[in-house]
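A.B. asks:
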Amino acid sequence: MLALDIRNLNKKYSNFQLKDVSFQLEKGFIMGFIGANGAGKTTTIKSILNMLHLDGGEIRILGKNMAEHEIELKQEIGFAFGDIDFYTRSRIKTLTDIVKKFYDHWDDEAYRNYLRRFKLDEKKKIVELSSGMKVKYSLALALSHGAKLLILDEPTSGLDPVARDDLLDIFQELVVDGEISILFSTHITSDLEKCADYITFIADGRIVNSAEKEEFKETYRLLSGSDSQLNLVKNRLISYKTNSFGFTGLIHAIDFDPASGIKATTPSLEEIMIYHAKKEAANV
Amino acid sequence: MYNLMLKDLKLGVNPWFFAMPFMMGALMLVPDWLYLIVPMYFFWITVPNIFAQYRAQNDLLFTSMMPVTKPDMVKARIFVIVILELMHIGAAMIYGLFTIRLYPDLDYHFFAPHLGFWGLCFIMMAIYNLFLFPMFYKTAYKYGPAQLSAIAAAMVFAFAAQWTGLQSTYLSDRFNGSGSSHTAFQIAILAAGIVIFMAFTWIAYRISVRRFRQVEIR
Chain A
3 MLALDIRNLN KKYSNFQLKD VSFQLEKGFI MGFIGANGAG KTTTIKSILN
53 MLHLDGGEIR ILGKNMAEHE IELKQEIGFA FGDIDFYTRS RIKTLTDIVK
103 KFYDHWDDEA YRNYLRRFKL DEKKKIVELS SGMKVKYSLA LALSHGAKLL
153 ILDEPTSGLD PVARDDLLDI FQELVVDGEI SILFSTHITS DLEKCADYIT
203 FIADGRIVNS AEKEEFKETY RLLSGSDSQL NLVKNRLISY KTNSFGFTGL
253 IHAIDFDPAS GIKATTPSLE EIMIYHAKKE AANV
Chain B
3 MYNLMLKDLK LGVNPWFFAM PFMMGALMLV PDWLYLIVPM YFFWITVPNI
53 FAQYRAQNDL LFTSMMPVTK PDMVKARIFV IVILELMHIG AAMIYGLFTI
103 RLYPDLDYHF FAPHLGFWGL CFIMMAIYNL FLFPMFYKTA YKYGPAQLSA
153 IAAAMVFAFA AQWTGLQSTY LSDRFNGSGS SHTAFQIAIL AAGIVIFMAF
203 TWIAYRISVR RFRQVEIR
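Top line first, the protein sequences correspond to chains A and B. For reference, each letter of the first sequence is one residue, going 3 to 286 in my numbering. For reference, each letter of the second sequence is one residue, going 3 to 220 in my numbering.
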């Protein structure tokens, strides 16, 4: 069953456009949603939450159309925004007492367990929490109302490596039972190397690729070679950089001939993002 | 809607603003003052601060992510403001009763705090609501221009009403006089004021919802 089914989202602004954004997330998996700043990650997420008026496209969550079942589906969606704070001067207890009233399936016992597990002190004000603790608090709220789909926008941005690793472990634990699915937007690709099952890559408002993580990486090759070898593949490269030793460049695996003798490796997610960004910059 | 109202009251309204009606209402005890100014403290001080709080705490995004409808969001916000408006007028009315008994022989130059005066206060708040909410919900974010326009409109009405009262001895007598015929007139003005307050606030709600539906939460 699909937790999230996005088809042909289109949204046009004067200076930016989402163009035919489509991707699907299977229930019980973590999808990393990557792209440079301004690529359209947050616009896509806000479209999923029905916050924007789309020019076209359809969003289905847990099999239901979001536009038609928004209120019902929001009972099953949890969210965390890593870089936006809400009611920072309120205490955790005050905020929880208010938020829980909106959810039909709120489970107080589960909430207490998550507070203990995440070491959250109810008496603390939101402003007193570290960035990682704020995300954990959002997760505690989401999981206590029985959210089946977690939409996390840059949840690890601004966290130190230990806090990031801790959160990534939690994400992985959450999907183990196959009930919860996570869409996790970030530009910190190393986080996804650790925990994502699927990767969706957006650049300049278009989905470049959406696939299982290893399959995603295998669709590319990172080439390195001499200047003379560069001339052999230059036209097929997504983009490349030159240095005193020659070049390194990214190419689609199907465009690469292993017999050419050029050294090829599987690129990291970060390298894929960087070389695509370089292509976008060259096209501007 | 009830939960949204509770959220708006608990998170967005500093407890200080629930004490304000009783503090500012005490200005009604000043003898022969321009009493129409008393309820104005509400929209000079309380409302801008409340709207600033909602914006600073990213309330729009916070609320939009919860399972709530846009009409309910508007309705809850309007109810919160109306509750505070009624508190301000109600507290001032109580102080007004003391004023009338404290200074029984006072010759009022401006409107005395009789029933008709409170009708004018309701109309002033009705005009304020009619300008504030529909303008604010064009963006659900920018409250400055909406506040300025609503305050200006309410004050123009208040001072025009008071100026008319000062110019017309007949009106002044009707608003400030005692006796059964004056009282009947004043009750009619109060009733009309309450009806106008409800009607304008309802219209403000309908326009606000229509506009808010077009707003994108960016």
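Glycine included, each C-beta is placed from N, C-alpha and C at the ideal position. Just so you know, these numbers come straight off a predicted model, no measurement behind them.
When the Cα of Leu134/B is compared with those of Arg208/B, Lys9/B, Glu218/B, Ile219/B, which residue comes out closest?
C.D. replies: For the purposes of this step, residue 134/B is taken as residue 132 along the second sequence, with counting starting at 1. Nearest of Arg208/B, Lys9/B, Glu218/B, Ile219/B to Leu134/B, Cα basis: Arg208/B.
A.B. asks: Determine the direct distance from the alpha carbon of Asp99/A to that of Asp109/A, and round the result to whole angstroms.
C.D. replies: Position 107 of the first sequence holds residue 109/A. Position 97 of the first sequence holds residue 99/A. Each residue's Cα considered, the two are about 12 angstroms apart.
A.B. asks: If we call anything under 8 angstroms between Cβ atoms a contact, is Leu224/A one with Thr191/A?
C.D. replies: On the first sequence, residue 224/A is found 222 positions in, with the first residue counted as 1. On the first sequence, residue 191/A is found 189 positions in, with the first residue counted as 1. Against a cut-off of 8 angstroms, the Cβ pair of Thr191/A and Leu224/A comes out as no contact.
A.B. asks: What does Lys150/A reach in chain B if we use C-beta pairs closer than 8 angstroms?
C.D. replies: In the first sequence, residue 150/A corresponds to position 148, counting from 1. Chain B residues near Lys150/A: none, gap ~14 angstroms exceeds 8 angstroms.
A.B. asks: Checking contacts by CB at 8 angstroms: is Val211/B closer than that to chain A?
C.D. replies: Looking up residue 211/B in the second sequence gives position 209. Judged by the 8 angstroms Cβ criterion, Val211/B is not in contact with chain A.
A.B. asks: Cutting at 8 angstroms between CB atoms, please list the residues of its own chain near Leu117/B, excluding the five before and the five after it.
C.D. replies: Taking the first residue of the second sequence as 1, we reach residue 117/B at position 115. Around Leu117/B: Thr185, Gln188, Ile189, Ile191, Leu192.
A.B. asks: Between the Cα of Gly179/B and the Cα atoms of Met137/B, Tyr110/B, Met42/B, Val197/B, which residue gives the shortest distance?
C.D. replies: On the second sequence, residue 179/B is found 177 positions in, with the first residue counted as 1. Out of Met137/B, Tyr110/B, Met42/B, Val197/B, Tyr110/B has the C-alpha closest to the C-alpha of Gly179/B.
A.B. asks: Ends of the alpha helix (DSSP H) at Glu217/A?
C.D. replies: Residue mapping note: residue 217/A aligns to position 215 of the first sequence, counting from 1. 215-220 is the extent of the alpha helix (DSSP H) around Glu217/A.
A.B. asks: According to DSSP, is Gln26/A part of a helix, a strand, or is it coil?
C.D. replies: Counting from one through the first sequence, the residue named residue 26/A turns up at place 24. DSSP places Gln26/A in strand when its eight states are reduced to three.
A.B. asks: For Arg62/A, does the three-state DSSP call read helix, strand or coil?
C.D. replies: The sequence position of residue 62/A within the first sequence is 60, counting from 1. Looking at Arg62/A - three-state DSSP - the assignment turns out to be strand.
A.B. asks: For Asp155/A, list the residues DSSP reports as bridge partners.
C.D. replies: Taking the first residue of the first sequence as 1, we reach residue 155/A at position 153. DSSP lists Phe83/A, Ser187/A as partners of Asp155/A.
A.B. asks: Would you please verify whether the beta carbon of Glu218/B is less than 8 angstroms from any beta carbon of chain A?
C.D. replies: Translated into positions along the second sequence, residue 218/B becomes position 216. Output row for Glu218/B: interface = yes.
A.B. asks: By Cβ distance below 6 angstroms, which residues in the same chain neighbour Ser226/A in space, the five residues on each side in sequence not counted?
C.D. replies: The residue labelled residue 226/A in the question sits at position 224 within the first sequence. Once the five neighbours on either side are set aside, the close Cβ partners of Ser226/A are Thr250, Lys265.
A.B. asks: Give me whichever residues DSSP pairs with Arg208/A in a beta bridge.
C.D. replies: Reading the first sequence from its first residue, position 206 is the one you call residue 208/A. Answer by DSSP bridge pairing, in chain order: Ala205/A.
A.B. asks: At a CB distance below 9 angstroms, what residues from the segment 66-90 of chain B approach chain A? Give them in sequence order.
C.D. replies: Cβ contacts with chain A come from Ser66, Met67, Met68, Pro69, Val70, Thr71.
A.B. asks: Under 8 angstroms between C-beta atoms, does Gln77/A make it to chain B?
C.D. replies: Taking the first sequence and counting its residues from 1, one reaches residue 77/A at position 75. Yes, Gln77/A lies at the interface with chain B (some Cβ there is under 8 angstroms from its Cβ).
A.B. asks: So is Trp120/B buried or exposed if we call it buried at 16+ other beta carbons inside 10 Å?
C.D. replies: Counting from 1 along the second sequence, the entry for residue 120/B is found at position 118. Result: buried.
A.B. asks: Would you mind listing the alpha helix (DSSP H) stretches within the segment 131-188 of chain B that are 4+ residues and don't spill past its ends, in chain order?
C.D. replies: Whole alpha helix (DSSP H) segments, 4+ residues: 146-169, 171-178.
A.B. asks: Step through the CB atoms of chain A and report whether any lies within less than 8 angstroms of the CB of Phe20/B.
C.D. replies: As a first step, residue 20/B must be located in the second sequence, where it is residue number 18. It does not; no Cβ of chain A falls within 8 angstroms.
A.B. asks: Helix, strand or coil for Leu86/B? Go by DSSP, reduced to three states.
C.D. replies: Taking the second sequence and counting its residues from 1, the one referred to as residue 86/B is at position 84. Helix, per DSSP.
A.B. asks: What's the gap between the Cα of Gly84/A and the Cα of Ser132/A?
C.D. replies: Looking up residue 84/A in the first sequence gives position 82. Looking up residue 132/A in the first sequence gives position 130. Taking the straight line from one Cα to the other gives about 11 angstroms.
A.B. asks: Would Phe186/A pass as an interface residue toward chain B - the criterion being a Cβ-Cβ separation below 8 angstroms?
C.D. replies: Your numbering for residue 186/A matches position 184 in the first sequence. Answer no: the Cβ-Cβ gap between Phe186/A and chain B never drops below 8 angstroms.
A.B. asks: Are there 16 or more other CB atoms within 10 angstroms of the CB of Ser16/A, so buried, or fewer, so exposed?
C.D. replies: In the first sequence, the residue the question calls residue 16/A occupies position 14. Exposed is the call here.
A.B. asks: What does Asp87/A touch in chain B if you count any residue whose Cβ is under 9 angstroms from its own?
C.D. replies: The count along the first sequence starts at 1 and reaches residue 87/A at position 85. The contacting residues are Gln59, Asn60.
A.B. asks: Would you check whether the ligand MN has a heavy atom nearer than 7 angstroms to the C-beta of Ala190/B?
C.D. replies: The ligand MN is absent from the structure shown, which contains no ligand whatsoever.
A.B. asks: Could you tell me the distance, in whole angstroms, from the CA atom of Ile8/A to the CA atom of Met157/B?
C.D. replies: One-based indexing of the first sequence puts residue 8/A at position 6. One-based indexing of the second sequence puts residue 157/B at position 155. Cα to Cα, the separation comes out at about 51 angstroms.
A.B. asks: Along the chain, where does the beta strand (DSSP E) that runs through Asn10/A open and close?
C.D. replies: Position 8 of the first sequence, counted from the first residue, corresponds to residue 10/A. Start and end: 4-14.
A.B. asks: Taking Cβ-Cβ distances shorter than 9 angstroms, what residues in chain A pair up with Leu99/B?
C.D. replies: Looking up residue 99/B in the second sequence gives position 97. The contacting residues do not exist; Leu99/B stays about 37 angstroms from chain A at best.
A.B. asks: Using a beta-carbon distance cut-off of less than 9 angstroms, what residues from the segment 107-132 of chain A approach chain B?
C.D. replies: Listed in sequence order: no entries.
A.B. asks: Can you list the residues of chain B that Phe104/A reaches, using a CB-CB cut of under 9 angstroms?
C.D. replies: In the first sequence, residue 104/A corresponds to position 102, counting from 1. By Cβ distance, chain B contributes Asn5, Leu6, Lys9, Met68, Pro69, Val70.
A.B. asks: Return the CA-CA distance between Val32/B and Phe177/B, expressed in angstroms with no decimal places.
C.D. replies: The count along the second sequence starts at 1 and reaches residue 32/B at position 30. The count along the second sequence starts at 1 and reaches residue 177/B at position 175. Their backbone Cα atoms lie some 19 angstroms apart in a straight line.
A.B. asks: Drop a sphere of 10 angstroms on the beta-carbon of Ala162/B, count the other beta-carbons inside from all chains shown, and report buried for 16 or more, exposed for fewer.
C.D. replies: The residue labelled residue 162/B in the question sits at position 160 within the second sequence. Label assigned to Ala162/B: exposed.
A.B. asks: Can you list the residues of chain B that Met135/A reaches, using a CB-CB cut of under 8 angstroms?
C.D. replies: The count along the first sequence starts at 1 and reaches residue 135/A at position 133. In chain order: nothing, as chain B lies at least about 18 angstroms away.
A.B. asks: Would you kindly work out how many angstroms separate the C-alpha atoms of Met68/A and Leu151/A, rounded to a whole number?
C.D. replies: Here residue 68/A is taken as the residue at index 66 of the first sequence, counted from 1. Here residue 151/A is taken as the residue at index 149 of the first sequence, counted from 1. Those two C-alpha atoms are separated by around 13 angstroms.
A.B. asks: Buried or exposed: where does Met3/A fall if 16 or more other Cβ atoms within 10 Å of its Cβ makes it buried?
C.D. replies: In the first sequence, counting from the first residue as 1, residue 3/A sits at position 1. The residue is exposed, with fewer than 16 neighbouring Cβ atoms inside 10 Å.
A.B. asks: Please confirm if Phe64/B has its CB atom under 8 angstroms from at least one CB of chain A.
C.D. replies: Within the second sequence, numbered from 1, the residue matching residue 64/B stands at position 62. So, interface residue.
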